[in-house]
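Residue numbers (our numbering): 485 to 795.
Where is the CB? At the ideal position from N, CA and C, for every residue including glycine.
One structure is given below, encoded as structure tokens.
Right under this line is the structure:
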């Protein structure tokens, strides 16, 4: 076979490959959209989530005056800032990894149908910015990566997207509420007033000292510095999650802790009695009442004066 004939054959094969790829597409070409949702987070002022974990009851987030609230229809509260941030930022640019199905028959398998999926809608005023159904997630143990199955509400296609979107959106109402209870900078604290029934009340305060610069005292008597520091460190951040929405105070608090310091507003924590149960409230989250719960917050806060004296 002549050299010219070989070159013609090679050229013909290359030409066939070129036009085959051009008109038929290669196996690696994407045959689905590049972006499912893309939003300007600053424009979002309303989010509605119907999560399976919340029995598909709508949870509505509203932004007013730069502040987010969350409501389930019966109860309205401040929204947890980190939850709102995660909810919105997860959809800044939602890109599909893979198209796994284009048939409604597979919706239940990937938990993106009405009974298993979590519906998420986002708005700028009355304008709908996003409307999707979040399904189950799949964790690849070998690759240590997570993917979530999602579907645009008005389409049949099911995609995988990167991350744990299911855990972000599929939560009960209380998970989205502000759980802040006590938050301080221990170094700035100067006075703690413990008001109890009877004669067990006391004041722990920081006073000037010629030798050390400052010293903590309990009712005028020097306190154990290590015990004080341990207690103050516990006030850095305390959250509560066991809401007592059925509680309304009928009488004054049985326990009151007033926390003061530099560069801060006073924090007042109150403990109310309901039968044999203590219900807690903090001025940092004044509309919320909490049960004592399993975090032992009551025991951590309302201590005796002996807790600050040397053994």
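For the alpha helix (DSSP H) that contains residue i, what are its first and last residues?
i, result
"residue 652", "649-653"
"residue 590", "Careful: residue 590 lies outside any alpha helix (DSSP H) and carries neither H nor E."
"residue 784", "781-785"
Suppose the cutoff is 7 Å on Cβ atoms and the five residues either side in sequence are ignored; what does the same chain contact list for residue i look like?
i, result
"residue 577", "519, 522"
"residue 698", "690, 691, 692"
"residue 708", "792, 793, 794"
"residue 785", "741, 753"
What's the gap between the Cα of residue i and the Cα of residue j?
i, j, result
"residue 665", "residue 771", "11 Å"
"residue 636", "residue 548", "28 Å"
"residue 793", "residue 561", "40 Å"
"residue 613", "residue 660", "21 Å"
"residue 564", "residue 723", "11 Å"
"residue 654", "residue 623", "16 Å"
"residue 676", "residue 527", "43 Å"
"residue 777", "residue 729", "14 Å"
"residue 598", "residue 588", "11 Å"
"residue 721", "residue 667", "4 Å"
"residue 571", "residue 732", "31 Å"
"residue 544", "residue 650", "18 Å"
"residue 780", "residue 700", "25 Å"
"residue 762", "residue 688", "23 Å"
"residue 586", "residue 593", "13 Å"
Go through its chain and collect everything with a Cβ distance to residue i's Cβ below 8 Å, but skip five positions before and after it.
i, result
"residue 648", "621, 630, 632"
"residue 516", "580, 583, 641, 643"
"residue 656", "535, 537, 538"
Hey, does residue i have any beta-carbon neighbour from chain B nearer than 7 Å?
i, result
"residue 748", "Absence of chain B from the displayed structure is noted, only one protein chain being present."
Give me, in chain order, the residues of the same chain whose beta-carbon lies closer than 6 Å to that of residue i; leave out the 5 immediate sequence neighbours on both sides.
i, result
"residue 745", "672, 673, 674"
"residue 591", "597"
"residue 773", "728, 731, 763, 765"
At what residues does the beta strand (DSSP E) containing residue i begin and finish?
i, result
"residue 797", "Nothing in the structure corresponds to residue 797, since the chain is present only between 485 and 795."
"residue 690", "686-693"
"residue 665", "664-667"
"residue 644", "642-646"
"residue 679", "673-679"
"residue 532", "530-534"
"residue 761", "761-766"
| Taking three-plus beta-carbon pairs below 8 Å as touching, is the stretch 677-684 in contact with the stretch 554-568? | no
I'd like to know if the stretch 579-587 and the stretch 629-647 are in contact, where contact means that at least 3 CB-CB pairs between them fall below 8 Å. yes
message = Three or more C-beta pairs under 8 Å: does that hold for the stretch 752-767 against the stretch 724-739?
response = yes
- Residue ranges of each alpha helix (DSSP H) run of no fewer than 4 residues wholly in the stretch 555-640, ordered along the chain? 565-573, 591-594
* Asked: Are at least three pairs of beta-carbons, each pair with one atom in the stretch 758-770 and one in the stretch 707-715, less than 8 Å apart?
  -> no
| query | Taking the runs of the beta strand (DSSP E) that are 3 residues or longer, which of them lie wholly in the stretch 701-754? | reply | 721-723, 739-745
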